[in-house]
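Numbering-wise, the sequence shown is residues 1441 to 1904 according to my numbering. Take a look at the structure below.
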Amino acid sequence: MSVFEETKGIDVQLADKNGVHYPAILDIDNDGISLDIYAESNEERYFQLDYTSLETLTCESFNKVFFLYGLQMESHFSSALKGDNGERGFMRIKLSAERVIIIKSCTYLDSKVNSIELSSEAIADWIGTTHTQAKIPTLSYEELTANRSKALKEFEVNIPEVGRLFLKYKWSQGGIDKFSVGTSFPPSLVLELEKEHSFEKALSFLDDLKRLLFFVVGAQFEVDVRFKLSFDMEGCLFECKSNPTYDDRHSILYPLLHNTIDSSYTRLPPFDVKAFAAYFALNSDTRNHWLKYQSYKQLENNEERYLGYFRILESLLYKQENFLAPELFDSCIDTFKVDLAKHFGVKNKKMESFLRYIKTQVNTKKYNVERNLIKQFKALPKEFKDIICFNQDNLKPIVDLRNDITHANKYSISERQKIENLTFLEALLLFEMFKQIGIDYALSLNAVIRIPRFVYIRSHSPSI
């Protein structure tokens, strides 16, 4: 259940640059978030807001504050009337937003975010059934609340320069007043921040975390998000639905399997939660590959998806190679530049510039994507190579197909072969993405073979 239901026709007000308030109507639903601003102007006041380039906006209702993000102007209308008392203008501006943070407060202070809490049916499925869950109903209230409710935590991992990520169960007890009996303990994933952050920074952390969760689950899914704020305040996030692909028939790509009592995953090792820290330790450009992967995965055109997967894999595998180690070349320049300058009859500075040019332009090996793919393929587990109908010789056609699609060359390939190549390429990409977050090829093997359509590249040899 969403933490904020769809609501239309919310009367709000917003302030312009001069602090003058104007009325507006806010609509929040899954079809979109829109804000209609109504502004009157005369000789004494004029609407001062750069609404054509706004990215964020704050507005207030009677008992709520709304922070809108991802704004775009949809329409604009203005008119003016002249009378004995001067000119009066009227303006109506319609803005759309991608998401909104809602805070229930009539006396909002400039709060910062302390923690982010996520809950979802998909996250619950990713967790599975554990010994921790089985034990919770048997514990007393004192045992449940001891040591900062340690008994209600499934795992906890430190993320340097971000905070702590832990999976906890929110224990509650029924009663006559709640029309329920017994206890409930739904799971939630909590990112407790190292220090207070603005909403913008908190949303950045949230987006990164969601992308990794989408990756390990194997699909995009709806998630309820709560923000714990300073001054004991709380906010929730509403986003327009972005075509979630997860449903209860979906098979989780890499289940958590932490402390599990589910015996159906005998070959797959538990997901290493240190991967969360490894993921956040990556630079922003590398983390952005997880966003691109989800974007390409949504494409219906197999050729476009193929090119997208190839771009990500190529970027992850890229490593500059040199004939001689750069530090060795630097030592050579320092040692021999004077003698070489004398030999060729040029100035020392000119000779050094020439040698530096050789170091940067000649010493660097020409990039070869096929060579990088071969290196990766050789390092993959033998068990993987034994069960697929692809081998090292197929890597050149994989590269050639990328080139043909990129340059719009004519090529002849069946639809089934396209799907086979696409599936093989996605498998290689997943191996490398798992490796980037500290999960080596051997550990991710049994997750990679769970991707949809893997049957297209499975050979007729005995399976693992």
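Think of the CB as a built atom: it goes at the ideal place given N, C-alpha and C, for glycine as much as any other residue. In this text the structure is predicted, and so the values were computed from the model without any measurement.
From residue i to residue j, what does the alpha carbon distance come to, in whole angstroms?
{"i": "VAL1809", "j": "LYS1534", "result": "48 angstroms"}
{"i": "LEU1753", "j": "GLU1480", "result": "54 angstroms"}
{"i": "SER1501", "j": "ILE1556", "result": "24 angstroms"}
{"i": "SER1724", "j": "HIS1516", "result": "36 angstroms"}
{"i": "SER1899", "j": "ASP1687", "result": "29 angstroms"}
{"i": "ILE1879", "j": "HIS1690", "result": "23 angstroms"}
{"i": "ASN1741", "j": "ILE1542", "result": "37 angstroms"}
{"i": "LEU1722", "j": "SER1644", "result": "14 angstroms"}
{"i": "LEU1649", "j": "ASP1770", "result": "42 angstroms"}
{"i": "SER1559", "j": "ILE1773", "result": "59 angstroms"}
{"i": "GLY1622", "j": "THR1578", "result": "12 angstroms"}
{"i": "SER1842", "j": "MET1513", "result": "Note on identity: in this sequence residue 1842 is Arg, with Ser being the wrong assignment. Rounded to the nearest angstrom, the two C-alpha atoms are 39 angstroms apart."}
{"i": "ILE1827", "j": "ARG1707", "result": "15 angstroms"}
{"i": "TYR1478", "j": "THR1585", "result": "51 angstroms"}
{"i": "ILE1563", "j": "ARG1528", "result": "55 angstroms"}
{"i": "SER1442", "j": "VAL1452", "result": "Bear in mind that a pLDDT of 49 at SER1442, under 50, signals an unreliable position, so the number given afterwards is only what the model happens to contain. Rounded to whole angstroms, SER1442 to VAL1452 spans 22 angstroms at the Cα level."}
{"i": "VAL1505", "j": "LYS1608", "result": "28 angstroms"}
{"i": "TYR1736", "j": "LEU1756", "result": "16 angstroms"}
{"i": "LEU1489", "j": "ARG1751", "result": "41 angstroms"}
{"i": "LEU1869", "j": "LYS1610", "result": "36 angstroms"}
{"i": "ASN1739", "j": "PHE1874", "result": "Residue 1739 is actually Leu in this sequence, not Asn. Computed Cα separation, rounded: 22 angstroms."}
{"i": "SER1903", "j": "VAL1663", "result": "With a pLDDT of 48 at SER1903, under the threshold of 50, the predicted position of this residue should be treated as unreliable, and no value is reported."}
{"i": "ALA1781", "j": "LEU1764", "result": "22 angstroms"}
{"i": "GLU1484", "j": "PRO1463", "result": "17 angstroms"}
{"i": "SER1854", "j": "ALA1819", "result": "30 angstroms"}
{"i": "VAL1839", "j": "GLU1743", "result": "13 angstroms"}
{"i": "ASP1467", "j": "ALA1887", "result": "42 angstroms"}
{"i": "ALA1591", "j": "LEU1653", "result": "24 angstroms"}
{"i": "LYS1681", "j": "ASP1469", "result": "9 angstroms"}
{"i": "ILE1473", "j": "GLY1449", "result": "11 angstroms"}
Which of the three DSSP states is assigned to residue i in this structure?
{"i": "CYS1680", "result": "coil"}
{"i": "HIS1698", "result": "coil"}
{"i": "GLN1488", "result": "coil"}
{"i": "ASP1712", "result": "coil"}
{"i": "VAL1656", "result": "helix"}
{"i": "ASP1453", "result": "Checking the sequence, you will find Gln at residue 1453 rather than Asp. Three-state DSSP puts GLN1453 in a strand."}
{"i": "SER1644", "result": "helix"}
{"i": "ARG1707", "result": "coil"}
{"i": "PHE1786", "result": "Sequence inspection shows Val at residue 1786; the Phe mentioned does not correspond to that position. DSSP places VAL1786 in coil when its eight states are reduced to three."}
{"i": "THR1623", "result": "strand"}
{"i": "PRO1892", "result": "coil"}
{"i": "ARG1588", "result": "helix"}
{"i": "MET1441", "result": "At MET1441, the pLDDT of 37 sits below 50, so the modelled position is not reliable; the number obtained from the coordinates is stated separately. MET1441 falls in the coil class under three-state DSSP."}
{"i": "ASN1849", "result": "coil"}
{"i": "ARG1532", "result": "strand"}
{"i": "LYS1875", "result": "helix"}
{"i": "LEU1862", "result": "helix"}
{"i": "SER1580", "result": "coil"}
{"i": "TYR1686", "result": "coil"}
{"i": "LYS1825", "result": "helix"}
{"i": "LYS1836", "result": "helix"}
Using DSSP bridges, identify the partner residues of residue i.
{"i": "ALA1819", "result": "Answer is none; ALA1819 lacks a bridge partner."}
{"i": "GLU1435", "result": "For the chain, the structure presents residues 1441 to 1904; residue 1435 sits outside this window and is missing."}
{"i": "ALA1464", "result": "VAL1452, ILE1477"}
{"i": "HIS1571", "result": "The partner list for HIS1571 (beta bridge, DSSP) is empty, contrary to what the question assumes."}
{"i": "ARG1604", "result": "ASN1598, GLU1632"}
{"i": "THR1447", "result": "ILE1468"}
{"i": "GLY1675", "result": "ILE1543, PHE1667"}
{"i": "HIS1637", "result": "VAL1553"}
{"i": "GLN1914", "result": "The shown model of the chain, from 1441 to 1904, leaves out residue 1914, and the question about it has no answer."}
{"i": "PHE1830", "result": "Partner(s): none; PHE1830 has no beta bridge."}
{"i": "GLY1615", "result": "SER1620"}
{"i": "SER1518", "result": "MET1531"}
{"i": "SER1559", "result": "ASP1664"}
{"i": "ARG1898", "result": "ILE1828"}
{"i": "TYR1797", "result": "Answer is none; TYR1797 lacks a bridge partner."}
{"i": "LYS1593", "result": "LYS1608"}
Confirm, please, whether the CB-CB distance from residue j to residue i is below 7 angstroms.
{"i": "GLU1539", "j": "GLU1679", "result": "At residue 1539 the sequence reads Arg, which differs from the Glu that was named. Going by C-beta atoms, ARG1539 is nearer than 7 angstroms to GLU1679."}
{"i": "PHE1716", "j": "LEU1549", "result": "no"}
{"i": "GLY1568", "j": "ALA1537", "result": "no"}
{"i": "VAL1656", "j": "TYR1694", "result": "yes"}
{"i": "PHE1824", "j": "VAL1713", "result": "no"}
{"i": "GLU1640", "j": "GLY1603", "result": "no"}
{"i": "ALA1882", "j": "PRO1821", "result": "yes"}
{"i": "LEU1696", "j": "TYR1705", "result": "no"}
{"i": "HIS1637", "j": "VAL1553", "result": "yes"}
{"i": "PHE1418", "j": "THR1498", "result": "Not covered by the structure: residue 1418. The range shown for the chain is 1441 to 1904."}
{"i": "PHE1830", "j": "PHE1871", "result": "no"}
{"i": "ILE1859", "j": "LEU1835", "result": "no"}
{"i": "GLU1792", "j": "LYS1777", "result": "yes"}
Could you check whether the Cβ of residue i sits closer than 6 angstroms to any heavy atom belonging to the ligand GTP?
{"i": "LYS1815", "result": "As presented, the structure is devoid of all ligands, the ligand GTP included, so that no description of it is given."}
Could you give the uninterrupted runs of the alpha helix (DSSP H) lying entirely in the segment 1726-1794, keeping only those of 4 residues or more?
Fully enclosed alpha helix (DSSP H) runs of no fewer than 4 residues occupy 1742-1757, 1766-1784 of the segment 1726-1794, in order along the chain.
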